[in-house]
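The next block holds one structure in the form of structure tokens; read it before the comments.
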Amino acid sequence: MMTHVSSLTGRRLAGADELHEAAELYTRVFRYEPKRVNLNPLLVQAIIRNGGSAVGVYDGERIVGFAYGFAGRDRDRVDFHYSQAAVVAPEYQGQGIGRRLKLLQRDVALEWGHERMRWTFDPLIARNGHFNLDSLGARGLGFHPDYYDRADTDRVMVEWDLTSETAADALAERAAPTPPALGEADWGAIVADGDRAWVAVPRETPPLGSGMRERVGSRIRASLDGLLRDGRVLVSCVAVSDDTSAYLAEASGR
130 MMTHVSSLTG
140 RRLAGADELH
150 EAAELYTRVF
160 RYEPKRVNLN
170 PLLVQAIIRN
180 GGSAVGVYDG
190 ERIVGFAYGF
200 AGRDRDRVDF
210 HYSQAAVVAP
220 EYQGQGIGRR
230 LKLLQRDVAL
240 EWGHERMRWT
250 FDPLIARNGH
260 FNLDSLGARG
270 LGFHPDYYDR
280 ADTDRVMVEW
290 DLTSETAADA
300 LAERAAPTPP
310 ALGEADWGAI
320 VADGDRAWVA
330 VPRETPPLGS
340 GMRERVGSRI
350 RASLDGLLRD
360 GRVLVSCVAV
370 SDDTSAYLAE
380 ASGR
């Protein structure tokens, strides 16, 4: 059940107790086994002191949202702030906490001298694509099959210009582009629309381990990987119908 509150506060995390609470939220939301995948508060403290971020949103004294990141550099020697994870307690989702976490991270990143932030997301989770591309104004730069070296971890890498007006003000979503009529039969296919290209995806994420997820995921992998390798960038993910959303890829630099 969603919890509606109007007194949420955000802040940077500090101290062992806050980091332990953040690590517990991280493990619970992602449903990790603590002994197998856990977040070391000592590592996060070192990240905070060396170019990274750890921020939280609180309901009173209870942490309900958490994000952390670190300084990164790619093979082209481009520096950026890498946001490794952002989690929101299930009962608090849909209340703008994800946006607040990203803006808190933005403030930290700018203080460290970073003008861009990168992170990854699962392209089969269309609502995350919409948030990243349409709400924040990030751009999808690359596709990474099995990003974490295990099945069902295909990811799109996005980059967010931290100096842009969208990043600074977190304005209401911009006018979304209008996609062509697309449906389930189009899932994973590339549909040309002038100089634009659309890729339809399920609006609701297929469950892990399902045959549909495997079939649709393989088609989406091929289409997005091909478009992004061809020099396009993802600029939007919008709902088309009750069961379909679609990614929009445009030529880089538009």
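Residue numbers 130 to 383, in my numbering, belong to the letters of the sequence shown in order. No residue lacks a Cβ here, since even glycine has one placed at the ideal position from N, Cα and C.
For residue j and residue i, the rounded distance between their alpha carbons
{"i": "S182", "j": "D208", "result": "15 Å"}
{"i": "A318", "j": "A351", "result": "9 Å"}
{"i": "R332", "j": "R348", "result": "15 Å"}
{"i": "R256", "j": "F250", "result": "10 Å"}
{"i": "V345", "j": "G144", "result": "44 Å"}
{"i": "A215", "j": "L232", "result": "12 Å"}
{"i": "D315", "j": "D322", "result": "14 Å"}
{"i": "V362", "j": "M246", "result": "16 Å"}
{"i": "S339", "j": "D324", "result": "34 Å"}
{"i": "D203", "j": "W289", "result": "15 Å"}
{"i": "I177", "j": "E190", "result": "21 Å"}
{"i": "N354", "j": "I254", "result": "Reading off the sequence, residue 354 comes out as Asp, not Asn. Roughly 16 Å separates the two Cα atoms."}
{"i": "R235", "j": "A196", "result": "11 Å"}
{"i": "R140", "j": "Y221", "result": "17 Å"}
{"i": "P306", "j": "A326", "result": "12 Å"}
{"i": "R206", "j": "D188", "result": "40 Å"}
{"i": "S293", "j": "E244", "result": "9 Å"}
{"i": "M341", "j": "Y161", "result": "24 Å"}
Same chain, Cβ closer than 7 Å to residue i, neighbours up to 5 away in sequence not counted
{"i": "V364", "result": "L262, R268, L377 and E379"}
{"i": "A368", "result": "R332 and S374"}
{"i": "Q174", "result": "L148"}
{"i": "S370", "result": "G312"}
{"i": "T334", "result": "L253 and I254"}
{"i": "L142", "result": "L148, A151, A183, V184 and G185"}
Exposure label - residue i; buried when at least 16 CB within 10 Å
{"i": "P252", "result": "buried"}
{"i": "F159", "result": "exposed"}
{"i": "S212", "result": "buried"}
{"i": "P308", "result": "buried"}
{"i": "S150", "result": "For the record, residue 150 in the displayed sequence is Glu; it is not Ser. Classification of E150: buried, given that the 10 Å Cβ count is 16 or more."}
{"i": "R229", "result": "buried"}
{"i": "A238", "result": "buried"}
{"i": "L337", "result": "exposed"}
{"i": "G223", "result": "exposed"}
Cβ shell of residue i (< 6 Å), same chain only, five flanking positions each side left out
{"i": "L168", "result": "A152 and Y155"}
{"i": "L357", "result": "G271 and F272"}
{"i": "G360", "result": "S381"}
{"i": "G180", "result": "A200 and W241"}
{"i": "R383", "result": "At R383 the pLDDT is 48, less than 50, meaning the model places this residue with poor confidence; the figure from the coordinates comes in the next sentence. Contacts found: none."}
{"i": "L171", "result": "none"}
Residues bridged to residue i (per DSSP)
{"i": "R229", "result": "DSSP output for R229 lists no bridge partner at all."}
{"i": "F272", "result": "V285"}
{"i": "Y376", "result": "V328 and C366"}
{"i": "G181", "result": "Note: G181 sits in no beta bridge, so no partner."}
{"i": "R140", "result": "G185"}
{"i": "D290", "result": "R245"}
{"i": "V320", "result": "W327"}
Contact set for residue i: own chain, Cβ-Cβ below 8 Å, skip 5 residues either direction
{"i": "I226", "result": "L137, V186, V193, G194 and V217"}
{"i": "Y276", "result": "T249, T282, D283 and R284"}
{"i": "P274", "result": "D283, R350 and D354"}
{"i": "V287", "result": "R247, W248, T249, F250, N261, L262, A267, R268, G269, L270 and L363"}
Chain B contact for residue i (CB, 7 Å cutoff)
{"i": "V369", "result": "No chain B appears in this structure, which consists of one protein chain only."}
Contact test: residue i Cβ vs the ligand GDP heavy atom, cutoff 6 Å
{"i": "G242", "result": "Among the ligands in the structure shown, none appear at all, so the ligand GDP cannot be discussed."}
- Message: I'd like the ranges of any alpha helix (DSSP H) spanning at least 4 consecutive residues and lying wholly in the stretch 322-374.
- Response: If we require 4 residues or more, the alpha helix (DSSP H) runs fully inside the stretch 322-374 come out as 340-358.
- Task: Return the chain-ordered ranges of every alpha helix (DSSP H) run that is complete within the stretch 184-254 and spans a minimum of 4 residues.
- Result: Those alpha helix (DSSP H) runs which fall completely within the stretch 184-254 and span 4+ residues are 226-240.
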